[in-house]
Amino acid sequence: MSAQFFLQQCLIGLTNGALVALVALGYTMVYGIIGLINFAHGDLIMLGACLALSLVTAFGLATAGPTATWLGIALLIVACGLFCGSLNVCVARIVYKPLRNAPKRAPLVSAIGVSFIFMNIGLFWIGSSDRSFPELLPSTNLLPVEGLQFTWKDLLVLVVVVPLMLGLSLLVQTTRMGRAMRAVSQDPTAAALVGVDVDRVIAATFFIGGALGGAASVIYGLYINTIGFQMGFQNGLYAFTAAVLGGIGSIPGAVVGGLVIGLVRSLSSAYVGERWTGAIVFAILIVILVFRPEGLLGRRTKEKV
Amino acid sequence: MSRVPFFVRERWELVALAVLAVAPLVVPALGGALGGQVTTLFIYCILALGLNVMVGYTGLVHLGIAAFFGIGAYLVAILTVPMYPFQIGFLAATIVSVLATAGIGLALGAPTLRLRGDYLAIVTLGFGEVVKVTLRNLEQITGGMKGLNPVPPPGAGVKIGGLDLGLAFAIDPRWFYYLALLALAGVVVAMRRLEQSRLGRAWVAVREDELAASAMGISATRVKLSAFAMSSAVAGLAGCLYAASLSTTADPNAYDFNRSIMVLCAVILGGLGSIPGTILGVAILVGFDTVLAPWADSWIQQMNINPTGSSLLSFSGWRLAIFGLALVLVMRYRPEGLVPSRRLAAELHEDHA
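Chain order of the listed sequences is D and F.
Using this note's numbering, read the first sequence as starting at 716 and increasing by one per residue.
Using this note's numbering, read the second sequence as starting at 200 and increasing by one per residue.
Structure below.
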C-alpha cells in the first residue's frame, strides 16, 4: 500500500465524486426550493442513460472518428440534458404541483411512485439485464507519472462537471432567475408578494436539476460503461447522501459532499473491501447526521411555529 | 353503512378472526401451499402494523423497517439453529429477539430522533442498507447469501399426549397458519388498546403538532422513542415468525429497501394510522403479486395475445408502473388511504367538516 496507490485511489475518488456531486446538485436544488426529497431523481438519470445508449447505437457513435466522437458526446450531453430537464419539469407540474399544500409526506410518497414508474419505463426501454455502454474514448494514460492512471474518461468527467458547476453558481449568484431562486428557497410567500413568479422559479429549478442529471447520465455511461434499469436507486442514494452530507439545500455543500462520498467510496473499496463500501458510506452518513445534522456546509435552522 | 349490522361494523376484527379461524377446517387447500402463502400474508400484516406505529400514529417516515424484520429473523435463527450452541427453542428465542430488536430500535432512535423528518427518513434508509450489507458479508455468523438454516419448527422435541409438536409444525402448514393468526390477532388487540392509551394519544399528538404537544407537557423525544422501539419490536416479531415458517432466514436480499418500501406502500395505500387499512393494504399488495399477476399472465397466455413473449404485453411487466401510479393517485385524490383512520381523514379534509 504505497503512497502512489493512495494517490491513485484519491484521484479515482475525486473523479467519481465529481459525478456524484453533479447528481447531488439535482437533489439539493429541488430540496432547497420546495423541501422535497426527489426520490425519482436517480431514476430520471437512469432514463437519461437509456436515451444516451439509444442515441449512441442509432448514430453509430462507437465507430466514428475522434472529432466526430467529441462532437457527438457534446450533442449527447445537450440532448440528454434537455430530455431529463423537460421530463423533470413535466413530473413537477403534473405530480408535485397539486400537492403543494398537502402534508409533507404526500409529495415524498408520490416521488417514490414516480421512481417506480420511471423504473418500469427503463425496464421496457433497455430490458431487465445490465447493458454495456460502448467505450467511446481511448484509454491512454494522460499523466507522465508511472503508476498513476488518468485517462480521457477521467478528463471528460472533469471537463464537463467543473464548467457546469461554475455555470450553475454564476447563475444562482448573479442572474435575476438565480436571485428569484434564492428568494423562493428562503420564503416562497414573501417572494411571491414582491413579484417573483414562484411557479416559474420552481419549474426552472426542476429543469436545471434535471438537465444536470441528464449530463451526469451521459458521463455515467461513458465512465462506468454499464447501465441497467435499477442503477437509479443505488446512485441516487449515494448522491442524496452527498447532498445531505454537505448540507441539503446548499449548492457548494452538494459539491463538497459529492467529493467526500467519492473519496470514501474509493478508499474504502481499496482498503476495506468493495462489498463493505455501501455500509461504510451510510454509517458515515448516520454519524454525521447525529453530530452535525445541518451537514458540513448547511445552515442551522430553527424549527418554526 | 346503516344497514350493516352493528357487530359487523364495530367488531370487524372478531368476524374476520372467526372466519379465518374456521377457514382451514373448511378449505382443504389451506393444508397445502396456499396455507403457507396465507401465513406469509399474516406475517406481513404484523410487519406493516409495526411500521404503522411509526409512520401512521407518530408521523415519522421510516424507510428501513425491513432491517428490523431481518434482525428478528436472524436473531431467532442464531438462537435456534443446530450450528450454534444456544438452541433455546422458538418461544424463548422469540422473546429474546423481540426484546433485542426493541433495544436496537432504541439505540438507533436515541441519537437520531431529534433530526428533522426528512433526515430521519434517510437515517432509517441508511440503517437498512448497513444491516443488509452486514448480513450479507458476515458470512461466519449469518451464512452470507445462503442465510441460516434449518430453523427448527416451534415446539421441536416437545410432546403433548403423544403428539410431537415440532413434527406437526413441519408436516402441516395449518399449524403455522394458526400460530401466525394468533400472533396477528394479539398484535391487533395490542394496537387497539395502544391507540386508546395515554401513550397512543401522545403519539398522535406529537404527529399533529410536536410543539403544541410539548407545550402540553408531553416529552416528544420519549414519545417518539417509544414509537421507534414498539415499531422495531413488532417488526422483529414478524421476522421471528418469518424465519420459523420458512425454516430458513433466506438470503439477506429478502430484507432490503424494496421490502421496506413495499410495506410502507401497503400502510400508505390502506390508510395511515388505521389497523383495518393497513391489513387491507398488505392484502392488496400481496394479492397483486401472488394472485392477480399470475392469473392475468396466464390469461394473456391463453388468449394468445402475446405470441412473441414481449414484456410489454405481459401483465407482470407493468408491476412497478402500476404500483407507482397507485401511489401517485392515492396521494393526489385520497391521501388518507383506502380505509382511513377517522382522525386522519378529518384532518385532511378540514374544509368539508
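Cβ coordinates follow ideal geometry from the N, Cα and C atoms, glycine included.
query: Counting only beta-carbon atoms, is residue 808 of chain D nearer than 7 Å to chain F?
result: By this cut-off, residue 808 of chain D is not an interface position.
task: Please report how far the alpha carbon of residue 901 of chain D lies from the alpha carbon of residue 744 of chain D, in whole angstroms.
output: Taking the CA atoms as reference points, residue 901 of chain D sits about 12 Å from residue 744 of chain D.
- prompt: Which term fits residue 845 of chain D, buried or exposed, when burial requires 16 or more other beta carbons within 10 angstroms of its beta carbon?
  reply: When all chains shown are included, residue 845 of chain D counts as exposed.
message: Which residues in chain A have a C-beta closer than 7 Å to the C-beta of residue 336 of chain F? List them in chain order.
response: This model lacks chain A altogether, as its protein chains are D and F.
8 Å Cβ cut-off: residues of chain D touching residue 530 of chain F: Near residue 530 of chain F (Cβ distances below 8 Å), the residues of chain D are 814, 817, 821, 822, 824, 825 and 828.
query: Assuming residue 334 of chain F and residue 273 of chain F make a contact with CB atoms under 8 Å, what is their CB distance in whole Å?
result: The Cβ separation is near 6 Å, so the contact holds.
query: How many Å lie between residue 1013 of chain D and residue 292 of chain F at the Cα?
result: It is roughly 45 Å from the alpha-carbon of residue 1013 of chain D to the alpha-carbon of residue 292 of chain F.
message: Counting only Cβ pairs nearer than 8 Å, list the residues of chain F close to residue 832 of chain D.
response: Residues of chain F passing the Cβ test: 519, 520, 523, 524 and 527.
message: Less than 8 Å between C-beta atoms, sequence neighbours within five positions excluded: which residues of the same chain meet that for residue 501 of chain F?
response: So no residue of the chain qualifies.
task: Using a Cβ-Cβ cut-off of less than 7 Å, give me the residues of the stretch 959-978 of chain D that come near chain F, in sequence order.
output: Listed by position, the residues of the stretch 959-978 of chain D near chain F (Cβ gap below 7 Å) are 959.
message: Please report the distance separating the alpha-carbon of residue 466 of chain F from that of residue 522 of chain F.
response: Rounded to the nearest angstrom, the two C-alpha atoms are 13 Å apart.
- request: Count the other CB atoms, across all protein chains shown, that sit within 10 Å of the CB of residue 532 of chain F; report buried if there are 16 or more and exposed otherwise.
  value: Under a 10 Å Cβ-count criterion, residue 532 of chain F is classified as exposed, with fewer than 16 other Cβ atoms of the shown protein chains found around its own Cβ.
- prompt: Do residue 362 of chain F and residue 219 of chain F have their CB atoms nearer than 7 Å?
  reply: Against a cut-off of 7 Å, the Cβ pair of residue 219 of chain F and residue 362 of chain F comes out as no contact.
- prompt: Residue ranges of each beta strand (DSSP E) run of no fewer than 3 residues wholly in the stretch 849-925 of chain D, ordered along the chain?
  reply: Taking only runs of at least 3 residues, no beta strand (DSSP E) segment lies wholly in the stretch 849-925 of chain D.
task: Look up residue 963 of chain D in the DSSP assignment and say whether it is helix, strand or coil.
output: In the structure shown, residue 963 of chain D sits in coil (DSSP, three-state: anything other than H, G, I, E or B).
query: Can you name the start and end residues of the alpha helix (DSSP H) that residue 506 of chain F belongs to?
result: Unbroken run through residue 506 of chain F: none, as it is neither H nor E.
field: Three-state secondary structure assigned by DSSP to residue 313 of chain F
entry: DSSP, reduced to helix, strand and coil, places residue 313 of chain F outside both helices and strands of the structure shown, so it counts as coil.
task: Please report how far the alpha carbon of residue 239 of chain F lies from the alpha carbon of residue 457 of chain F, in whole angstroms.
output: Straight-line Cα distance between these residues: approximately 17 Å.
Three-pair Cβ contact test at 8 Å for the stretch 941-949 of chain D versus the stretch 812-826 of chain D: No: the two stretches stay apart, fewer than three of their Cβ pairs being nearer than 8 Å.
field: Beta carbon of residue 719 of chain D nearer than 7 Å to that of residue 982 of chain D
entry: No. Outside cutoff.
- request: Look at the alpha carbon of residue 399 of chain F and the alpha carbon of residue 212 of chain F, and state the distance between them as a whole number of angstroms.
  value: Roughly 19 Å between the two C-alpha positions.
- prompt: Is there a Cβ from chain F that is less than 7 Å from the Cβ of residue 835 of chain D?
  reply: The beta carbon of residue 835 of chain D falls within 7 Å of a beta carbon belonging to chain F, placing the residue at that interface.
query: From what residue to what residue does the alpha helix (DSSP H) around residue 743 of chain D run?
result: Under the DSSP assignment, residue 743 of chain D falls in the alpha helix (DSSP H) whose first and last residues are 718-749.
message: Considering only DSSP beta bridges, list what residue 245 of chain F is partnered with.
response: Bridge partners of residue 245 of chain F: none, in fact.
task: Measure from the alpha carbon of residue 1003 of chain D to the alpha carbon of each residue in F/318, F/349 and F/249, then state which is nearest.
output: In this structure, F/318 is the residue among F/318, F/349 and F/249 with its C-alpha nearest to the C-alpha of residue 1003 of chain D.
message: Tell me the rounded alpha-carbon separation between residue 989 of chain D and residue 980 of chain D.
response: Distance between the alpha carbons of residue 989 of chain D and residue 980 of chain D is about 8 Å.
When F/351, F/371 and F/298 are compared against residue 223 of chain F, the one with the closest alpha-carbon: Distances from the alpha-carbon of residue 223 of chain F to those of F/351, F/371 and F/298 put F/371 closest.
- prompt: To the nearest angstrom, how far is it from the Cα of residue 800 of chain D to the Cα of residue 232 of chain F?
  reply: If you take the alpha carbons of residue 800 of chain D and residue 232 of chain F, they lie about 48 Å apart.
message: Short of 9 Å Cβ to Cβ, which residues in the stretch 294-315 of chain F face chain D?
response: Under the 9 Å Cβ criterion, the stretch 294-315 of chain F contributes 307, 310, 311, 313, 314 and 315.
query: Counting Cβ pairs closer than 8 Å, one from the stretch 435-454 of chain F and one from the stretch 505-512 of chain F, do we hit at least three?
result: Cβ pair count under 8 Å is below three, so no.
task: Establish whether the CB of residue 762 of chain D and some CB of chain F are separated by less than 7 Å.
output: Chain F contact via Cβ: absent.
field: Closer than 7 Å to chain F by CB, residue 740 of chain D
entry: No Cβ of chain F is located within less than 7 Å of the beta carbon of residue 740 of chain D.
query: Whose CA, out of F/426, F/420, F/546 and F/235, lies closest to the CA of residue 251 of chain F?
result: Looking at the Cα atoms, F/426 is the closest of the given residues.
- prompt: CA-CA distance, residue 952 of chain D and residue 910 of chain D?
  reply: Within the model, the alpha-carbon separation for residue 952 of chain D versus residue 910 of chain D is close to 36 Å.
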